[in-house]
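The next block holds one structure in the form of structure tokens; read it before the comments.
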Amino acid sequence: MLRQVLHRGLGTSFSRLGHFVASHPVFFASAPVLISILLGASFSRYQVEESVEHLLAPAHSLAKIERSLVNSLFPVNRSKHRLYSDLQTPGRYGRVIITSFRKANMLDQHHTDLILKVTANPVDGPGGQNTAK
289 MLRQVLHRGL GTSFSRLGHF VASHPVFFAS APVLISILLG ASFSRYQVEE SVEHLLAPAH
349 SLAKIERSLV NSLFPVNRSK HRLYSDLQTP GRYGRVIITS FRKANMLDQH HTDLILKVTA
409 NPVDGPGGQN TAK
């Protein structure tokens, strides 16, 4: 009995809804298109932010200040005029040039051992303990 009442009520209501939609075809055909265009046009103003630092760090955080300092002191060379053989992984690298005070040969065993000893020692810095490589 309950099933018959529900079936009759739902059938009647959907029949009326179908009649209403069929009697106003222009509205029900154009309204979804217009709503889709309006909602889609609002996405054109959004810009995708891929920088994790920009998304997670506060505006005046120490990380952003340090990043701008590192970018100003150690710029990444992304020149298009470099040879393919000169390419390396992107990042910031520091180079150390070691010379002899007495113009001695830097490739002998004594100097090589000194260089390896210096690069193996950890260095205490503001960012913690680092090992020079």
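Heads up, the sequence shown is in this note's numbering, so the first residue is 289 and it goes up one at a time. Backbone N, C-alpha and C define an ideal beta-carbon position, used for all residues, glycine too. Everything numeric in this text was worked out from a predicted model, so none of it was measured.
What is the rounded straight-line gap between the Cα of residue i and the Cα of residue j?
i       : j       : result
Pro-320 : Gly-299 : 25 angstroms
Lys-421 : Lys-405 : Note that Lys-421 scores 49 on pLDDT, short of 50, meaning its location in the model is unreliable; the coordinates nonetheless yield the value given after this. Going from the Cα of Lys-421 to the Cα of Lys-405 covers about 11 angstroms.
Val-340 : Ala-351 : 11 angstroms
Pro-313 : Leu-327 : 22 angstroms
Gln-292 : Ser-311 : 28 angstroms
His-307 : Phe-316 : 12 angstroms
Thr-400 : Ala-408 : 12 angstroms
Leu-344 : Leu-322 : 36 angstroms
Ser-349 : Leu-357 : 13 angstroms
His-295 : Ser-332 : 46 angstroms
Asn-359 : His-342 : 15 angstroms
Pro-346 : Ile-353 : 11 angstroms
Arg-304 : Ala-329 : 34 angstroms
Arg-355 : Lys-391 : 39 angstroms
Taking the alpha carbon of residue i as the reference point, which residue from the options has its own alpha carbon closest?
i       : options                   : result
Ile-426 : Ile-403, Asp-396, His-398 : Nothing about residue 426 can be reported from this structure: the residues present for the chain run from 289 to 421 only.
To test your reading of the DSSP string, which unbroken beta strand (DSSP E) runs of 3 or more residues are found completely within the segment 295-369?
Listed in chain order, nothing qualifies, since the segment 295-369 has no complete beta strand (DSSP E) run of 3 or more residues.
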